[in-house]
Structures are given as C-alpha cells and as structure tokens.
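J.: Next up is a structure, given as structure tokens.
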C-alpha cells in the first residue's frame with residue numbers, strides 16, 4: 103500500500119496537536135486500504151485461470167524434514183502454469199520460475215495474470231511457473247494441527263527443506279533435463295528465496311540435478327568397494343599403497359575402523375565446512391565442488407578416487423608439505 107508524503111505529514115501534525123487529525127487520517131487510510139482490497143478482488147481471476155495450462159497439485163512432503171525416524175507426511179499444495187513452456191524449443195535446460203508462498207493461502211491469480219513482473223519475465227524466457235504453498239497455510243493437507251507442541255514444525259528451516267525436496271522431485275517427475283530454477287518471493291517469501299540460494303545446495307541444473315547426485319552415488323559405491331578390500335590381505339595391501347598407510351594396514355578390526363574414520367572425516371569436513379567463512383581454504387579451492395570433480399572423473403577406480411580426494415585435501419591443508427607415508431591408522435588405547 104502506498105502512503106504519500108502529505109499523509110505522513112498529516113499523521114505527524116495530528117499526533118503533535120492532539121486534535122481531529124489522527125481520526126481523519128486513520129479514516130482516510132482505512133478507506134484507501136478498503137479501496138485497494140476491492141481493486142484486488144475485482145482483478146479478472148478467470149482470465150486464464152481455468153486454462154488447461156494451469157494445474158493444481160499436491161506433493162508428498164516429510165512432516166519433519168530433519169527426523170529420519172518420523173514417517174509422517176503431509177500433502178503440499180502448489181500450482182503450475184505450463185503456458186509459456188515450449189517442449190520443442192526449450193527442451194534442454196528449461197527455465198522454471200518458483201514463486202514461494204508465505205504466511206497465507208497462495209492465490210491462483212499469481213500464476214495466471216500475465217501483468218505481474220515475474221509473469222512477464224516468464225513469458226520472455228519460456229519459463230514454467232510454479233507456485234508452492236508454505237507449510238501450515240492454505241490448502242496443504244494433513245497439516246492442520248495448530249497446537250503449541252506442533253508449531254515446532256513451523257520454521258523457516260523446515261520451509262527451506264520443503265523447497266529443497268520439492269525442486270529435484272518436480273524436475274524428475276516432469277523429465278526436465280538440467281532445469282534452471284529461479285526463486286521469487288516478496289516480504290517473508292522473499293527472504294526464503296534469498297536464504298534458499300545462500301543456505302541450500304545450488305539447484306540450477308548441472309550442479310544439483312546431475313553433478314551432486316552423481317557424486318553421491320559414486321561415493322556410496324566407492325565406500326562399499328573400500329569395505330570389501332579391507333577383508334583380504336591383497337585388498338589391504340592395495341589400500342596401503344593407495345592411501346599411503348604406514349605401517350601397512352593389517353586385519354586388525356580397530357585399525358580398520360580407524361581407517362574408515364580417516365577417509366570419512368575428509369568428506370564430512372568438506373561438506374560441513376565448505377564456505378563457512380572460518381578460513382580462506384574453501385575460497386582457494388578446498389570445497390565440495392572440487393571434490394565432486396575428482397569423484398566424477400572416470401580415469402581411475404572408485405576407491406582410487408577416494409584416495410585422490412584425501413591426497414588433494416591433505417595437500418591443500420598442508421600447502422603441499424604432506425609426507426606421503428604419514429597415514430598411521432593403528433588404534434591406540436588412551
């Protein structure tokens with residue numbers, strides 16, 4: 103709502119004088135607000151809103167995104183407008199505009215009225231327009247418990263995790279190849295859009311849809327193969343060479359567990375501390391993106407790639423001064 107300088111001046115004068123001005127100004131503001139509400143209500147909601155290009159849908163979300171033992175789900179409400187998307191000319195790296203819902207029900211007109219700024223941009227970029235409702239609001243199903251204890255699930259962290267889960271699922275369900283997602287929002291949803299970009303893994307095509315997923319799969323397969331190699335003398339000998347283990351790895355369970363921990367620690371550290379601003383190391387190349395590049399290359403075995411990541415990590419941490427036989431995995435009791 104626009105408040106003109108003259109009205110602000112009247113408010114100031116009225117407060118100072120204690121006369122009728124506050125009442126007059128308040129009444130004028132109320133009338134202006136009611137007029138804007140009427141104008142909003144009179145917008146031609148049915149222009150294209152009943153078009154087959156616009157669909158209303160629900161997506162199954164985890165009730166608690168951060169508790170793997172909680173199996174409850176809810177149905178998250180969303181709209182999609184496919185009008186501007188052209189499968190023929192926009193099949194590679196399609197653009198998806200995500201309008202994030204806030205503290206209220208998402209109106210259908212926001213994906214059908216084409217005079218909104220982001221709708222104009224969507225038309226120019228042949229974008230799919232998606233509007234996703236915020237948990238606890240609107241037409242979301244199985245999310246109606248407003249008890250104090252249940253409001254612990256009404257957080258920005260849960261909302262961001264909802265969006266992060268929705269994006270790849272929508273892309274996969276609709277067979278979008280390396281889609282480019284752009285998030286929009288105003289006020290609180292605007293903050294969500296910014297936080298999504300800052301706090302959540304990048305969701306623009308190759309980075310999230312292919313690159314990261316490919317690395318996760320290869321890491322899982324590599325650790326399985328690593329475990330198999332620790333079960334035989336031949337395998338442990340190869341591991342000692344690859345990972346510069348000295349004294350060489352033996353079949354001692356505690357030593358093998360220590361070895362697992364050494365390898366795992368590198369990956370958890372990269373994931374946890376990339377771009378956390380504690381040091382300049384990640385800005386200089388020590389980050390999860392570079393680890394992905396190493397794991398995704400195909401010139402060596404999966405286990406060798408784990409060793410390559412460890413070498414790369416250690417060399418950056420020690421500025422190239424690492425002793426190539428420095429990995430001692432022998433278990434010592436305290």
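Numbering (this note's numbering), first residue to last: 103 to 436. Glycine is no exception: its CB is placed at the ideal position from the N, C-alpha and C atoms.
How big is the Cα-Cα spacing for residue 135 and residue 231?
T.: Counting from 1 along the chain shown, the entry for residue 135 is found at position 33. Counting from 1 along the chain shown, the entry for residue 231 is found at position 129. Bear in mind that a pLDDT of 46 at residue 135, under 50, signals an unreliable position, so the number given afterwards is only what the model happens to contain. If I take the Cα positions, the gap works out to 29 Å.
J.: Alpha carbon to alpha carbon, how far is residue 229 from residue 194? Give it in angstroms, no decimals.
T.: As a first step, residue 194 must be located in the chain shown, where it is residue number 92. As a first step, residue 229 must be located in the chain shown, where it is residue number 127. Using only the alpha carbons, I get a separation of about 12 Å.
J.: Just confirm the distance between the C-beta atoms of residue 212 and residue 201, as a whole number of angstroms; I'd bet it's less than 8 Å.
T.: Within the chain shown, residue 212 is the residue found at index 110, counting from 1. Within the chain shown, residue 201 is the residue found at index 99, counting from 1. Rounded, the Cβ-Cβ distance is 6 Å, consistent with contact.
J.: Assign residue 128 to one of two classes, buried (16 or more other C-beta atoms within 10 Å of its C-beta) or exposed (fewer than that).
T.: Taking the chain shown and counting its residues from 1, the one referred to as residue 128 is at position 26. Its pLDDT being 46, under 50, residue 128 is placed unreliably in this model, and the value from its coordinates should be taken loosely. Classification of residue 128: exposed, given that the 10 Å Cβ count is below 16.
J.: Are the beta-carbon atoms belonging to residue 262 and residue 234 less than 8 Å from one another?
T.: As a working note, residue 262 is residue 160 in the chain shown. As a working note, residue 234 is residue 132 in the chain shown. The answer is no: Cβ separation not under 8 Å.
J.: If you draw a straight line from the C-alpha of residue 170 to the C-alpha of residue 247, how long is it?
T.: For the purposes of this step, residue 170 is identified with residue 68 of the chain shown, where counting begins at 1. For the purposes of this step, residue 247 is identified with residue 145 of the chain shown, where counting begins at 1. Computed Cα separation, rounded: 21 Å.
J.: Take every Cβ of the stretch 243-257, pair it with every Cβ of the stretch 216-226, and state whether three or more of those distances are shorter than 8 Å.
T.: No, because fewer than three Cβ pairs between the stretch 243-257 and the stretch 216-226 fall closer than 8 Å, the two stretches do not touch.
J.: For a test of your reading of the model: does the CB of residue 260 fall under 7 Å from any non-hydrogen atom of the ligand NAD? Yes or no.
T.: The ligand NAD is not part of the structure shown, which contains no ligands of any sort.
J.: Return the chain-ordered list of same chain residues with a C-beta closer than 6 Å to the C-beta of residue 410, the five sequence neighbours on each side being excluded.
T.: As a first step, residue 410 is located in the chain shown; it is residue number 308 there, counting from the start. Correct list, in chain order: 396.
J.: Nearest to residue 391 by alpha carbon, out of 335, 317, 412 and 364?
T.: Translated into positions along the chain shown, residue 391 becomes position 289. Of the candidates 335, 317, 412 and 364, the one whose C-alpha sits nearest the C-alpha of residue 391 is 317.
J.: Residue 285 lies in the beta strand (DSSP E); which residues open and close that run?
T.: Residue 285 sits at position 183 when you count from the first residue of the chain shown. Taken as a continuous stretch (DSSP letters only), the beta strand (DSSP E) holding residue 285 covers 282-286.
J.: From residue 289 to residue 269, what does the alpha carbon distance come to, in whole angstroms?
T.: To locate residue 289, count along the chain shown from 1; it is residue 187. To locate residue 269, count along the chain shown from 1; it is residue 167. Each residue's Cα considered, the two are about 21 Å apart.
J.: For residue 334, which of 345, 349, 358 and 321 has the nearest alpha-carbon?
T.: Translated into positions along the chain shown, residue 334 becomes position 232. Checked all of 345, 349, 358 and 321; the closest Cα to residue 334 is 358.
J.: Nearest by alpha-carbon distance to residue 259: which of 431, 158 and 293 is it?
T.: Within the chain shown, the letter at position 157 stands for residue 259. Selected option, being the one with the closest Cα: 293.
J.: Quick check on DSSP: helix, strand or coil for residue 158?
T.: Taking the chain shown and counting its residues from 1, the one referred to as residue 158 is at position 56. In this structure, residue 158 counts as strand in the three-state DSSP scheme.
J.: Identify, in the order they occur along the chain, each residue of the same chain with its Cβ nearer than 8 Å to the Cβ of residue 430, setting aside the five sequence neighbours on each side.
T.: Here residue 430 refers to the residue found at position 328 of the chain shown. Contacts found: 347, 348 and 349.
J.: Is the beta carbon of residue 198 sitting closer than 8 Å to the one on residue 281?
T.: As a first step, residue 198 must be located in the chain shown, where it is residue number 96. As a first step, residue 281 must be located in the chain shown, where it is residue number 179. For residue 198 and residue 281, yes; Cβs fall inside 8 Å.
J.: Give the secondary structure of residue 269 by DSSP, where H, G and I count as helix, E and B as strand, and everything else as coil.
T.: The sequence position of residue 269 within the chain shown is 167, counting from 1. Here residue 269 sits in helix by DSSP.
J.: Give the DSSP-derived three-state secondary structure of residue 332 in the structure shown.
T.: Along the chain shown, one-based indexing puts residue 332 at 230. In this structure, residue 332 counts as coil in the three-state DSSP scheme.
J.: Looking only at DSSP bridge pairs, what is residue 279 linked to?
T.: The residue labelled residue 279 in the question sits at position 177 within the chain shown. The partner list for residue 279 (beta bridge, DSSP) reads 194.
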